[in-house]
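Numbered according to the numbering used here, the sequence shown terminates at residue 221, and the numbering increases by one at each position without gaps. Think of the CB as a built atom: it goes at the ideal place given N, C-alpha and C, for glycine as much as any other residue.
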Amino acid sequence: MNKKMLIAIIVVVAVSIAGTLALNAFLGNNGASQDRGTLVFQSDETGVTMTIFGPEETFRTGTTGNTRQLTLTNLPGGSYRGIATKDGYLPSEILGISLASGGSANIPISLVTIQPTEPVSVSTNPNAIIVKQGTSGTIAVTATSLHDYAGQVSLNCYGLPSGVAASFDPADVTLNPGGAGTLTLTLTVSSTTAKGVYPVSWGVVSGHHESAGLGFLLQVS
Numbered sequence: 001m002n003k004k005m006l007i008a009i010i011v012v013v014a015v016s017i018a019g020t021l022a023l024n025a026f027l028g029n030n031g032a033s034q035d036r037g038t039l040v041f042q043s044d045e046t047g048v049t050m051t052i053f054g055p056e057e058t059f060r061t062g063t064t065g066n067t068r069q070l071t072l073t074n075l076p077g078g079s080y081r082g083i084a085t086k087d088g089y090l091p092s093e094i095l096g097i098s099l100a101s102g103g104s105a106n107i108p109i110s111l112v113t114i115q116p117t118e119p120v121s122v123s124t125n126p127n128a129i130i131v132k133q134g135t136s137g138t139i140a141v142t143a144t145s146l147h148d149y150a151g152q153v154s155l156n157c158y159g160l161p162s163g164v165a166a167s168f169d170p171a172d173v174t175l176n177p178g179g180a181g182t183l184t185l186t187l188t189v190s191s192t193t194a195k196g197v198y199p200v201s202w203g204v205v206s207g208h209h210e211s212a213g214l215g216f217l218l219q220v221s
């Protein structure tokens with residue numbers, strides 16, 4: 001075999017290998033995209049913030065627009081859970097969200113207005129958080145005066161898993177009528193805390209009034 005023929009054979013083999021690799025990459029990417037699905041959240045309200053947790057450590061958030069819908073795409077199939085929040089409404093946890101591989105699902109969002117007897121509303125930013133074992137994370141918490149309530153407000157957290165400590169800075173806020181105050185909630189997660197998604201509720205003390213309700217979702221990863 002002469003030198004020119006050997007070079008020609010090497011070039012043909014190299015081109016063939018490159019073509020095979022490119023084809024495999026294309027097929028792999030195409031298959032991955034076909035396995036992804038879509039969730040469409042539908043509400044009666046605009047401005048609803050929806051956050052979901054799902055397979056492959058999926059963590060997605062968005063807000064319903066003028067169509068009162070939020071569409072989340074490129075999602076792996078499996079089970080999801082989420083939380084929907086909007087100022088003036090009670091947070092709503094959404095369970096049992098199931099997405100078939102490569103499919104789509106429409107999920108209704110139902111929110112309930114805050115009771116007119118409540119003197120204070122509490123909201124968070126964000127409405128869900130991921131904290132790794134052995135680390136800590138923070139959430140901004142806003143307490144807002146309703147019906148011209150004036151006075152001190154303090155908060156407690158309920159539903160935290162074993163090994164998670166919560167602290168507020170400042171420990172409480174004093175509200176003027178129609179005003180608002182902000183606290184920073186720090187969540188410190190032990191290295192032994194079980195992984196999972198946990199709904200965390202508030203205990204709100206305002207004057208002689210006490211109330212409780214869903215606050216946010218915590219995922220320990």
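Nearest to TYR158 (by Cα), restricted to the options SER201, VAL189, ASN127:
SER201
If you follow the beta strand (DSSP E) that PRO108 is part of, which residue opens it and which one closes it?
104-108
Should GLY207 be flagged as near chain B, meaning a C-beta pair shorter than 7 Å?
In summary, chain B is missing from the structure at hand, where a single protein chain is found.
Between the Cα of HIS208 and those of ALA171, ILE139, PRO126, VAL120, spot the shortest distance and give me the residue it belongs to.
With respect to the C-alpha of HIS208, the residue from ALA171, ILE139, PRO126, VAL120 having the closest C-alpha is VAL120.
Looking at LEU217: is its Cβ nearer than 7 Å to the Cβ of VAL197?
Between LEU217 and VAL197, the CB-CB gap stays under 7 Å.
Considering only the alpha carbon of each residue, which of ARG60, THR193, ASN74, ARG81 lies closest to PRO161?
It is THR193 whose Cα lies nearest to the Cα of PRO161.
Option nearest ILE109 by Cα separation, candidates THR63, ALA128, GLY163:
THR63
Beta strand (DSSP E) containing VAL173: first to last residue?
Per DSSP, VAL173 belongs to the beta strand (DSSP E) from 172-175.
Which residues does DSSP pair with ILE139 in a beta bridge?
LEU185
Local Cβ density within 10 Å of SER43, reported as buried at 16 or more and exposed below that:
Buried is the call here.
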